[in-house]
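A.B. asks: In my numbering, the protein residues as written are 198 to 408. Mind having a look at this structure? Questions to follow.
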Amino acid sequence: MNPESSPPPVRAQRADGRRTRAAILQTAARLASVEGIDGLTIGGLAAELHMSKSGLYAHFGSKVELQLATVAEAARIFDDVVVTPAMSAPSAHEKLLALCDRYLQHLRDRVFPGGCFFASAALEMGSRPGPVREAIADFQRRLTGLFAELVIAAQGEGHLRGEDPRALAFEINGQFLAASAGFVLTGDAGVLDLAEHVLFRRLGHGVAPRA
């Protein structure tokens with residue numbers, strides 16, 4: 198066999214493996230938003246994807262490894278759909294408003310069928326110590342930290358004067374959690390309209406800008 202002919206197939210196999218893993222994790226994130234992270238199993242996911250368990254084990258050696266990879270994938274999707282578009286706004290205050298708008302829109306669009314992945318995951322895993330809970334908590338810390346940083350920057354632009362950045366970040370996150378829970382429970386998009394009204398009035402802007 199010509200040794201020069203082997204690298205391309207190997208590279209192709211690796212590329213196929215990455216694509217398969219990505220497809221698995223996208224399905225896992227959607228499934229976990231409805232059935233819960235703890236309800237996510239290699240057997241259940243294999244059935245959903247019409248794959249063999251051994252095929253999934255080739256990508257994830259354990260349930261915890263699958264759960265952690267799913268949390269990371271959900272964070273990537275959230276960043277792509279919510280954070281990155283919002284950060285294209287020109288000012289810190291507009292970035293903050295756009296974050297709120299994009300968050301509510303991702304609920305309207307049912308990016309995750311079970312509402313905000315991290316809102317439901319926090320409730321499910323909050324009393325279960327371990328690496329999965331820590332990964333979810335780390336995401337929440339980073340998100341509220343981003344809110345606080347943007348509040349501080351917006352204050353430098355003349356907005357939100359006199360506000361405690363950490364307290365306001367906590368309020369914004371609380372509205373996000375309430376909006377997700379209310380929308381999932383009732384299926385009423387009016388819940389999201391109300392959350393939009395509350396958030397934008399609180400942030401000193403009457404109408405949501407479209408990022």
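Idealized CB from N, CA, C, for every residue including glycine.
Could you tell me the alpha carbon to alpha carbon distance between F397 and V268, rounded to whole angstroms?
C.D. replies: Approximately 29 Å between the Cα atoms of the pair.
A.B. asks: Identify whether F397 lies in helix, strand or coil by the three-state DSSP scheme.
C.D. replies: Helix, per DSSP.
A.B. asks: Quick check: the segment 277–295 against the segment 342–358, are there 3 or more CB pairs under 8 Å?
C.D. replies: The segment 277–295, when compared against the segment 342–358, does touch it at the 8 Å Cβ threshold.
A.B. asks: Name the two residues that bound the continuous alpha helix (DSSP H) containing C297.
C.D. replies: C297 -> alpha helix (DSSP H) spans A289 to R305.
A.B. asks: In the DSSP assignment, the alpha helix (DSSP H) including D335 goes from what residue to what residue?
C.D. replies: Unbroken alpha helix (DSSP H) run through D335: P328 to G353.
A.B. asks: Quick test of the definition: if touching needs 3 or more C-beta pairs under 8 Å, does the segment 309–318 touch the segment 369–377?
C.D. replies: At 8 Å Cβ cutoff, the stretches touch.
A.B. asks: Taking G384 as the reference, which of A332, L357, G312 and R339 has the closest Cα?
C.D. replies: Nearest of A332, L357, G312 and R339 to G384, Cα basis: G312.
A.B. asks: Give me, in chain order, the residues of the same chain whose beta-carbon lies closer than 7 Å to that of R363; leave out the 5 immediate sequence neighbours on both sides.
C.D. replies: The answer, listed in chain order, is A345.
A.B. asks: Sorted by chain position, which residues of the same chain lie with C-beta nearer than 6 Å to F373's C-beta, five sequence neighbours on each side aside?
C.D. replies: For F373, where only same-chain residues beyond five positions count, the Cβ hits under 6 Å are Y300.
A.B. asks: List the endpoints of the continuous alpha helix (DSSP H) containing L263.
C.D. replies: From DSSP, the alpha helix (DSSP H) with L263 extends over K260 to F275.
A.B. asks: Following the continuous alpha helix (DSSP H) through G240, name the residue where it begins and the one where it ends.
C.D. replies: First-last of the alpha helix (DSSP H) with G240: I239 to L246.
A.B. asks: What is the DSSP secondary structure of S249, counted as helix, strand or coil?
C.D. replies: The answer is coil: DSSP assigns S249 none of H, G, I, E or B.
A.B. asks: Tell whether a beta-carbon distance below 8 Å holds between H256 and I234.
C.D. replies: No. Outside cutoff.
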